[in-house]
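J.: Per our numbering, the sequence shown starts with residue 8, numbered consecutively. Think of the CB as a built atom: it goes at the ideal place given N, C-alpha and C, for glycine as much as any other residue. Every value quoted in this text rests on a predicted model; they were computed, and no experiment measured them.
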Amino acid sequence: MPGQTTLSKQLRKRAGIELIIASLIVIGITLITLVADIDAFEWLFEFTRAHEEWDLDEVVLFIFYLGVIGSIYTFRRLQDIKRLNQQISELAFFDEVTQLPNRALATDRLNILLHNYQQSGKKLAVAFVDFDNFKVINDTYGHSLGDSLLKQVGNRLRQCVGVNDTVGRLGGDEFLLLITYAEQADLEVVATKLREVQQRPYLLDFNEVKVTFSIGVALYPKDATCQTELLKAADSAMYHTKKLGKGDITFYDHQIREQLTQRYYIETGLKTAISQRELHVQYQPQASLKTEQLTGYEALLRWQKDGQFINPAEFITIAEETGQIEQIGFWVLEQALTEMQPVLTHGQTLSVNLSPRQFHQENLVPLISNLLNKLGFPAEQLELEITESAIISNFDRAISLISELKKLGITIAVDDFGTGYSSLIRLRDLGADRLKIDKHFINRLNHSDKDEQLVKYIIMLAQNMDLNVVAEGVETPAQLAKLRELGCDAIQGYLYARPMPIAELLKNKQGDLLYPLANAKQG
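1. So the alpha helix (DSSP H) I406 belongs to, where does it begin and stop?
2. Who are the near neighbours of L520 in its chain, counting only those whose CB is closer than 6 Å to its CB and skipping five residues on each side?
3. Buried or exposed, going by whether 16 or more other CB atoms sit within 10 Å of the CB of P208?
4. In whole angstroms, give me the CA-to-CA distance for L112 and I335.
5. Could you check if G530 is buried or exposed, using at least 16 other CB atoms within 10 Å of its CB as the buried criterion?
6. What residue ranges within the region 303-348 form continuous alpha helix (DSSP H) runs of no fewer than 4 residues, ordered along the chain?
7. For the alpha helix (DSSP H) that contains L487, what are its first and last residues?
8. Within 10 angstroms of its Cβ, does K217 collect 16 or more other Cβ (buried), or is it exposed?
9. Give me the residue from T418, D445, Q388 with the minimum Cα distance to S396.
10. Looking at the secondary structure, which residues open and close the alpha helix (DSSP H) in which D154 lies?
11. Roughly how many whole angstroms lie between the Cα atoms of E387 and T356?
12. Three-state secondary structure (DSSP) at H287?
13. Can you give me the Cβ contacts of T7 inside the same chain, cut-off strictly under 7 Å, excluding the 5 residues immediately before and after it?
14. Going by C-alpha distance, which of L512, D193, Q159, I323 is nearest D172?
15. Specify whether the region 270-279 and the region 485-496 touch according to this definition: at least 3 beta carbon pairs, one from each stretch, less than 8 Å apart.
16. If you count every other CB in all the chains shown that lies within 10 Å of the CB of F135, and 16 or more means buried, which is it?
17. In the DSSP assignment, find the unbroken alpha helix (DSSP H) run with S243 in it and report its ends.
18. Output the distance between the C-alpha atoms of Y246 and H367, rounded to the nearest integer angstrom.
19. Please determine, among G438, P484, R441, the residue with the shortest C-alpha to C-alpha distance to I449.
20. Just curious, the beta strand (DSSP E) that Q499 is in, first and last residue?
21. By a C-beta neighbour count over all protein chains shown, 10 Å radius and 16 as the cutoff for buried, is T105 buried or exposed?
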């Protein structure tokens, strides 16, 4: 596709007009001076008669030369302006690293294509290409080699599309492809090439590096007919690829559209969930396998909107991504401490989850310290649950934060252990007090020898490091029996008690409905 934009066309048009105007001005001044202005002409005639060294034709010729020189000067200046405009255009519309069209030029081309294709009926595919883990490569090899990789990727992407198609760099590690196609089979050919590109390594500082992309594709006019909606659809399809495991291509469809609608519903609803009193906290009891008695509770966030409960896994993830989790998380902590302070007896703890974003926020420790002081809640009865993924994302900072929290007297539990990539040996340096085994492993405990061995290994090593072990999601007597056999310290799950609102919890305690664990064996 020609490398023209609306602005570059306007610059060339303006330069041409300026040249014509300047030339006409010079010629006009000359003609007016020599012809139209009779007094001036007579003055020249008298001047030449009074000065014998000047002839009239010499004076006229001199003025003419001045006009020519002025025209040449004007033309050269306009050429300089044209070159400057060209340089400005290149800086404004082409990426400095890859020399590909940047966001401004790529989206301008998209607008032109959409305008033209509305009349011709042609089809267009818009693809978002996003590096997987490019930050790791940048941090490992440095920004200079990172730029070299971007350039290599840009060249390979160009080889995957047609001569008249566009490959642009949107910024960072994102690229945009604009592909004209006639049949779906044409896109499949391009998709195959894009997959093959990911199989070939790149050379960085004599090292072979393999890079994968997450790609999302939206089609015009099938998925959208305007630039904004097309880019939004392609971006959504790309993020859907990342959720599915990265390194592949996703075409936008109605399911993704429904997910977007649901996400928008949740995202906007969360903004008013606290003020509308839609959020509330439920509490799930925990029991010791040694004493078979109640040892504490975990606070679990619930959201009821428009008469229906929304899956916590869904809305908490969105709150984490949008940053709303910091406000919501603090509300949960304050609500749980307030409601449970009169419920807890000596030796019992209240566990509250901290999301990764909450855990790494700058003012976490003073916020919690001030809240404990404000409510008069004993720090030793508060346990903060931190996911394994939140810890390993910044291990050194995690060690520092946990140390500060423990100085307040707070207990620390590592939640969902086994779902990340850390080791028990590494977690020893954290100074955590408890380890919670993810319910995924508990569900398979009686059906998989590998999972049983893994749980056994976790319990054994954790206890050797003085870590208390809690099994989550215990739902059957068989699971309970196996955990008891493996030496697990405590359990939490529907077999013992389901999560309850504070009113129901108080009612059950008053009615002595929370039985010792021994009675839970009957299911």
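T.: Based on what the coordinates show:
1. In the sequence shown, counting from the first residue as 1, residue 406 sits at position 399. Start and end: 402-414.
2. Mapped onto the sequence shown, residue 520 falls at position 513. Only weak support exists for where L520 lies, its pLDDT of 47 falling under 50; the coordinates are left without a value.
3. Taking the sequence shown and counting its residues from 1, one reaches residue 208 at position 201. Residue environment analysis places P208 among the exposed positions, since fewer than 16 neighbouring C-beta atoms fall within 10 angstroms of its C-beta.
4. Locating residue 112 in the sequence shown gives position 105, where the first residue counts as 1. Locating residue 335 in the sequence shown gives position 328, where the first residue counts as 1. The C-alpha of L112 lies about 41 Å from the C-alpha of I335.
5. Here residue 530 is taken as the residue at index 523 of the sequence shown, counted from 1. In this prediction, G530 has a pLDDT of 45, which is less than 50 and means its spatial position is unreliable; nothing more can be read from the coordinates.
6. Qualifying alpha helix (DSSP H) stretches, in chain order: 319-329, 332-347.
7. Position 480 of the sequence shown, counting from 1, holds the residue named residue 487. Note, L487: alpha helix (DSSP H), 484-493.
8. Translated into positions along the sequence shown, residue 217 becomes position 210. In summary, K217 is exposed, with fewer than 16 beta-carbon neighbours lying within 10 Å of its beta-carbon over all protein chains present.
9. Translated into the one-based positions of the sequence shown, residue 396 becomes position 389. The residue with the shortest Cα to Cα distance from S396 is D445.
10. Within the sequence shown, the letter at position 147 stands for residue 154. Its alpha helix (DSSP H) spans residues 150-167.
11. Here residue 387 is taken as the residue at index 380 of the sequence shown, counted from 1. Here residue 356 is taken as the residue at index 349 of the sequence shown, counted from 1. Using only the alpha carbons, I get a separation of about 8 Å.
12. Position 280 of the sequence shown, counting from 1, holds the residue named residue 287. DSSP, reduced to helix, strand and coil, places H287 within a strand of the structure shown.
13. No answer is possible for residue 7: it lies beyond the span of the chain, which begins at 8 and ends at 530.
14. As a working mapping, residue 172 is identified with position 165 in the sequence shown. Answer by Cα proximity: D193.
15. Because the criterion of three Cβ pairs below 8 Å is not met, the region 270-279 and the region 485-496 do not touch.
16. Taking the sequence shown and counting its residues from 1, the one referred to as residue 135 is at position 128. The residue is buried, with at least 16 neighbouring Cβ atoms inside 10 Å.
17. Your numbering for residue 243 matches position 236 in the sequence shown. Looking at the DSSP string, the run of the alpha helix (DSSP H) that includes S243 is 234-251.
18. Taking the first residue of the sequence shown as 1, we reach residue 246 at position 239. Taking the first residue of the sequence shown as 1, we reach residue 367 at position 360. Approximately 24 Å, taken between the alpha carbons.
19. What you label residue 449 is simply residue 442 of the sequence shown in a count that begins at 1. Minimum Cα distance to I449 is reached at P484.
20. Position 492 of the sequence shown, counting from 1, holds the residue named residue 499. First-last of the beta strand (DSSP E) with Q499: 497-499.
21. If you number the sequence shown from 1, residue 105 lands on position 98. Taking all protein chains in view, the Cβ of T105 is crowded by 16 or more other Cβ atoms within 10 Å, so the residue is classified as buried.
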